[in-house]
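Participant:
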Amino acid sequence: MNLIKLWHDFLAFFIPGILGYGGGPSSIPLVENEVVGHYHWMDVPEFSKVLALGNALPGPIATKMAGYIGYVVAGVPGLVVGLIASVVPSLILMIVLGNLLYRYKDSPKIKRLTVLIRPIIAVLLGVMAYSFFKDAYESAGWLQPLAIAVVSFVLLEKLKIHPAFVVVAALGYGAIFMAS
Amino acid sequence: MIFLQLFVGFLRAGLLGYGGGPSAIPLVQKEAVEKYKWMTDDEFGDMLAIANALPGPIATKMAGYIGYRKAGWLGVLVAEIATVIPTVLLMMILLLTLSSFENKPWVRGMTHAVVPVVGVMLATMTWQFFSKSQKELGWVKSMAFVAGSFLLIQVLNIHPAIVITVTLVFVLVWPVRSEKSEIVEQGRKAQ
Numbered sequence: 003m004n005l006i007k008l009w010h011d012f013l014a015f016f017i018p019g020i021l022g023y024g025g026g027p028s029s030i031p032l033v034e035n036e037v038v039g040h041y042h043w044m045d046v047p048e049f050s051k052v053l054a055l056g057n058a059l060p061g062p063i064a065t066k067m068a069g070y071i072g073y074v075v076a077g078v079p080g081l082v083v084g085l086i087a088s089v090v091p092s093l094i095l096m097i098v099l100g101n102l103l104y105r106y107k108d109s110p111k112i113k114r115l116t117v118l119i120r121p122i123i124a125v126l127l128g129v130m131a132y133s134f135f136k137d138a139y140e141s142a143g144w145l146q147p148l149a150i151a152v153v154s155f156v157l158l159e160k161l162k163i164h165p166a167f168v169v170v171a172a173l174g175y176g177a178i179f180m181a182s
Numbered sequence: 091m092i093f094l095q096l097f098v099g100f101l102r103a104g105l106l107g108y109g110g111g112p113s114a115i116p117l118v119q120k121e122a123v124e125k126y127k128w129m130t131d132d133e134f135g136d137m138l139a140i141a142n143a144l145p146g147p148i149a150t151k152m153a154g155y156i157g158y159r160k161a162g163w164l165g166v167l168v169a170e171i172a173t174v175i176p177t178v179l180l181m182m183i184l185l186l187t188l189s190s191f192e193n194k195p196w197v198r199g200m201t202h203a204v205v206p207v208v209g210v211m212l213a214t215m216t217w218q219f220f221s222k223s224q225k226e227l228g229w230v231k232s233m234a235f236v237a238g239s240f241l242l243i244q245v246l247n248i249h250p251a252i253v254i255t256v257t258l259v260f261v262l263v264w265p266v267r268s269e270k271s272e273i274v275e276q277g278r279k280a281q
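So the sequence lines, in the order shown, correspond to chains A and B.
To convert, take the position in the first sequence, counting from 1, and add 2; that gives this note's numbering.
To convert, take the position in the second sequence, counting from 1, and add 90; that gives this note's numbering.
Shown next, in the form of structure tokens:
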């Protein structure tokens with residue numbers, strides 16, 4: 003009985019992990035499909051609450067959901083199985099491919115790959131930066147996000163302050179001045 | 091020592107990355123390239139490309155790969171635990187004790203304030219990647235590549251994983267011209 007639960011727990015997070023391209027956030031609809039639609043462990047409001055809290059807390063989204071929902075389904079073993087299912091399969095692929103690339107890093111082909119892949123990564127990062135700014139504008143208007151962006155740029159890039167301090171300062175500012 | 095560094099580095103990146111794994115990318119770069127010098131900027135870019143081309147969470151793929159490169163499987167374990175466990179525990183404690191924590195005004199304010207900071211970090215990384223690419227390929231070629239991949243990814247909505255994979259296969263299959271001419275040249279010298 004418990005083993006079947008754990009197996010379902012594994013599948014519910016293995017499938018979104020292996021199908022979700024573009025990082026954890028893109029796998030959220032897939033997780034919802036398994037947790038709400040397929041296994042009925044939660045209804046939509048419950049799932050939304052977990053998602054909302056996951057978004058309000060730091061760290062990867064996918065693992066926070068897998069850990070918590072796994073725990074709800076099957077206790078601590080469920081938590082461990084949920085985390086393993088969402089992390090390990092893609093991690094193994096990453097280590098195998100990454101090491102292959104690293105072993106041949108001095109070959110001219112890999113050097114050319116590094117050069118040609120860089121503009122693509124620049125575009126991906128640019129698109130992500132845009133979506134964060136858009137999100138900031140939609141949730142808090144333009145004035146405060148712009149001010150925060152300018153100040154954090156000066157702190158990070160001109161004064162070379164570690165992002166840890168800048169992020170903590172932003173959190174403090176937000177808690178006091180942007181509470182709404 | 092390396093285990094402590096891995097733990098602290100990924101703990102910081104995990105605890106400060108608001109908005110899911112992708113927002114941890116600039117934080118991981120700060121730790122891995124600038125602070126601990128585990129890898130070069132180029133290696134980080136390659137890692138990011140593979141991580142983007144593969145399915146699954148980004149943050150855990152980066153943590154695991156860097157952990158493996160620096161300290162083998164134990165390194166993987168340490169980096170993953172630092173990335174994942176603290177925030178999972180935080181999530182569980184809050185969900186099982188406090189209700190509607192996420193609706194508290196000050197919690198929402200915190201999340202709102204940190205989003206533009208992540209935006210700035212990502213924009214800075216975008217610029218770093220672009221200016222490096224411009225130095226290697228020149229203005230015309232790098233602009234063409236940026237415009238081309240923007241067109242494919244944003245306008246035609248082709249998945250980045252496909253764009254990266256096609257580029258990867260193309261580069262690995264297509265012969266390198268300079269390599270060939272070098273071999274020819276060496277052959278001539280030998281004669």
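The C-beta atom is built at its ideal place from N, Cα and C for all residues, glycine as well.
Name the residues in the segment 194-215 of chain B whose C-beta lies less than 9 Å from a C-beta of chain A; which are they?
Facilitator: Answer set for the segment 194-215 of chain B: Lys194, Pro195, Trp196, Val197, Arg198, Gly199, Met200, Thr201, His202, Ala203, Val204, Val205, Pro206, Val207, Val208, Gly209, Val210, Met211, Leu212, Ala213, Thr214, Met215.
Participant: Quick check on Pro60 of chain A: does DSSP put it in helix, strand or coil?
Facilitator: Counting from one through the first sequence, the residue named residue 60 of chain A turns up at place 58. Reduced to three states, the DSSP call for Pro60 of chain A is strand.
Participant: Provide the residue span of the alpha helix (DSSP H) that contains Lys222 of chain B, from first to last.
Facilitator: Residue mapping note: residue 222 of chain B aligns to position 132 of the second sequence, counting from 1. First-last of the alpha helix (DSSP H) with Lys222 of chain B: 195-240.
Participant: Relative to the C-alpha of Phe260 of chain B, which candidate in A:Ala14, A:Lys111, A:Lys160 has its C-alpha closest?
Facilitator: Numbered from its first residue, the second sequence carries residue 260 of chain B at position 170. The shortest C-alpha separation from Phe260 of chain B is found at A:Lys111.
Participant: Using a Cβ-Cβ cutoff of 7 Å, what residues of the segment 11-23 of chain A are near chain B? List them in chain order.
Facilitator: From the segment 11-23 of chain A, only Gly19, Ile20, Leu21, Gly22, Tyr23 have a Cβ closer than 7 Å to chain B.
Participant: Under a CB-based cut-off of 9 Å, is His164 of chain A close to chain B?
Facilitator: Start at 1 with the first residue of the first sequence, and residue 164 of chain A comes out as number 162. Yes, His164 of chain A counts as interfacial toward chain B.
Participant: Using the DSSP secondary-structure output, state which residues sit across from Pro145 of chain B in a beta bridge.
Facilitator: Residue 145 of chain B sits at position 55 when you count from the first residue of the second sequence. Note: Pro145 of chain B sits in a beta bridge opposite A:Tyr23.
Participant: Can you pull the chain A neighbours of Met137 of chain B, defined as C-beta to C-beta under 8 Å?
Facilitator: Along the second sequence, one-based indexing puts residue 137 of chain B at 47. Neighbours of Met137 of chain B on chain A, chain order: Gly100.
Participant: According to DSSP, is Tyr106 of chain A part of a helix, a strand, or is it coil?
Facilitator: By one-based count along the first sequence, residue 106 of chain A stands at place 104. In the structure shown, Tyr106 of chain A sits in coil (DSSP, three-state: anything other than H, G, I, E or B).
Participant: Any C-beta of chain B sitting closer than 9 Å to the C-beta of Glu36 of chain A?
Facilitator: For the purposes of this step, residue 36 of chain A is identified with residue 34 of the first sequence, where counting begins at 1. It does not: the Cβ of Glu36 of chain A has no partner Cβ on chain B nearer than 9 Å.
Participant: Does the CB of Gly128 of chain A have a neighbour CB from chain B at under 9 Å?
Facilitator: Here residue 128 of chain A corresponds to residue number 126 of the first sequence, with the count starting at 1. Taking Cβ atoms only, chain B reaches closer than 9 Å to Gly128 of chain A, which makes this a yes.
Participant: What does Arg120 of chain A touch in chain B if you count any residue whose Cβ is under 7 Å from its own?
Facilitator: Within the first sequence, residue 120 of chain A is the residue found at index 118, counting from 1. Chain B residues near Arg120 of chain A: Gly135, Phe219, Lys222, Ser223.
Participant: Sort B:Leu101, B:Leu164, B:Leu186, B:Lys194 by Cα distance to Ala181 of chain A and report the nearest one.
Facilitator: Within the first sequence, the letter at position 179 stands for residue 181 of chain A. The shortest C-alpha separation from Ala181 of chain A is found at B:Lys194.
Participant: Candidates B:Pro250, B:Thr216, B:Ala203, B:Leu227: which alpha carbon is nearest Leu145 of chain A's?
Facilitator: Position 143 of the first sequence, counted from the first residue, corresponds to residue 145 of chain A. Looking at the Cα atoms, B:Ala203 is the closest of the given residues.
Participant: Against chain B, with Cβ distances strictly below 9 Å, would Phe49 of chain A count as a contact?
Facilitator: Numbered from 1 along the first sequence, position 47 holds the residue referred to as residue 49 of chain A. So no, Phe49 of chain A is outside the interface.
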